[in-house]
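Sequences listed follow chains A and C, in order.
Counting in this note's numbering, the first sequence runs from 231 upward without gaps.
Counting in this note's numbering, the second sequence runs from 866 upward without gaps.
Positions of the beta carbon are idealized from the N, C-alpha and C atoms, including for glycine.
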Amino acid sequence: NAGVTQTPKFQVLKTGQSMTLQCAQDMNHEYMSWYRQDPGMGLRLIHYSVGAGITDQGEVPNGYNVSRSTTEDFPLRLLSAAPSQTSVYFCASSYSGSRGYEQYFGPGTRLTVT
Amino acid sequence: TQLLEQSPQFLSIQEGENLTVYCNSSSVFSSLQWYRQEPGEGPVLLVTVVTGGEVKKLKRLTFQFGDARKDSSLHITAAQPGDTGLYLCAGAGGKLIFGQGTELSVKP
Numbered sequence: 231n232a233g234v235t236q237t238p239k240f241q242v243l244k245t246g247q248s249m250t251l252q253c254a255q256d257m258n259h260e261y262m263s264w265y266r267q268d269p270g271m272g273l274r275l276i277h278y279s280v281g282a283g284i285t286d287q288g289e290v291p292n293g294y295n296v297s298r299s300t301t302e303d304f305p306l307r308l309l310s311a312a313p314s315q316t317s318v319y320f321c322a323s324s325y326s327g328s329r330g331y332e333q334y335f336g337p338g339t340r341l342t343v344t
Numbered sequence: 866t867q868l869l870e871q872s873p874q875f876l877s878i879q880e881g882e883n884l885t886v887y888c889n890s891s892s893v894f895s896s897l898q899w900y901r902q903e904p905g906e907g908p909v910l911l912v913t914v915v916t917g918g919e920v921k922k923l924k925r926l927t928f929q930f931g932d933a934r935k936d937s938s939l940h941i942t943a944a945q946p947g948d949t950g951l952y953l954c955a956g957a958g959g960k961l962i963f964g965q966g967t968e969l970s971v972k973p
C-alpha cells in the first residue's frame with residue numbers, strides 16, 4: 231500500500247494564479263481532509279469529506295475549493311493564489327470509529343506564492 | 866470554539882534527560898491523539914487515548930489522558946537524539962482539533 235500520496239512536493243505560484251493540489255489514498259478510508267501548517271499554529275483544517283460526493287468546510291476554507299468524486303481522490307483547488315496561502319499543505323485520510331478518526335497523513339506540498 | 870494549548874512550544878535538552886509535554890483545553894474530548902512529525906514529512910500517529918485517566922506506554926514514551934478528558938501529557942524518559950521532532954496533540958470532539966505543537970531538540 232502506498233498510503234496517502236500528494237503531488238506536487240513543491241510549487242511556486244505567482245499571485246492570482248490557480249492550481250490543484252492532488253491527493254490520493256489506497257486504504258479505502260471514508261474520511262479525507264486537507265490541512266495547512268504554518269509556524270506556531272499547528273494544523274488547521276481547510277476542507278474535509280466524509281465520503282464520495284460529500285464535502286464540508288473546516289476552520290480556514292476561504293480561497294480553496296474541493297470535490298470528492300471517488301473514495302480515493304480528494305483534490306484541493308486554489309482559485310486565485312495569494313501570498314497568505316504560502317504554507318505547507320497536508321492531505322490526510324481516516325476511518326470512522328470510536329478512536330476519533332486517527333489520521334494518516336501524506337508527505338505534504340510546500341507552496342510559495344510570490 | 867474548542868482550543869488545545871500545548872506547552873512548552875520549544876524544548877531543547879541533552880541526551881539522557883527526561884521531559885514532559887502538556888496539552889490542555891477547557892473542552893472535553895472523546896479521545897486524544899499524539900503525533901510526531903519529522904522535518905519535510907507528514908505527522909505520524911503515536912497513540913490514541915480514549916478513557917479518562919488512561920495511561921499508555923510506548924517504549925520510553927508515556928501518554929496520559931486526564932480524568933476529566935480535557936488534558937493530556939507526554940513524558941519521555943532518557944531522551945535520545947532520535948526523539949527530535951515536532952510533537953502534536955489532537956482532540957476529537959466533532960472535528961479533530963490540533964494543538965500548536967512542541968518542537969523538541971535532543972542534543973547528543
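Query, Result
"Chain A contact for Leu869(C) (CB, 9 Å cutoff)", "yes"
"Within chain A, the residues that Pro873(C) reaches when beta carbons sit closer than 8 Å", "Result: empty, since nearest Cβ-Cβ is about 12 Å, beyond 8 Å."
"Beta strand (DSSP E) segment containing Cys257(A), residue limits", "First, the amino acid is wrong: residue 257(A) is Met here, not Cys. Met257(A) -> no beta strand (DSSP E), and no H or E assigned at all."
"Residues in the stretch 942–965 of chain C having any Cβ partner in chain A nearer than 7 Å", "Leu953, Ala957, Lys960, Leu961, Phe963, Gly964, Gln965"
"Top-ranked residue by Cα proximity to Thr235(A), from Ser279(A), Thr344(A), Gly338(A)", "Gly338(A)"
"Helix, strand or coil at Gly965(C) according to DSSP, with G and I counted as helix", "The identity of residue 965(C) in the sequence shown is Gln, whereas the question assumes Gly. Coil, per DSSP."
"Neighbour flag for Phe304(A) against chain C, beta carbons, 9 Å", "no"
"Cβ-Cβ separation, Phe930(C) to Trp899(C) (assumed contact under 8 Å), whole Å", "With 8 Å as the limit, Trp899(C) and Phe930(C) do not qualify as a contact, their Cβ atoms being about 10 Å apart."
"is_contact[Leu969(C), chain A] using C-beta, thresh 9 Å", "no"
"Sequence-distant residues of the same chain with beta carbon closer than 7 Å to Ser317(A), five excluded per side", "Arg266, Gln267, Asp268, Leu341"
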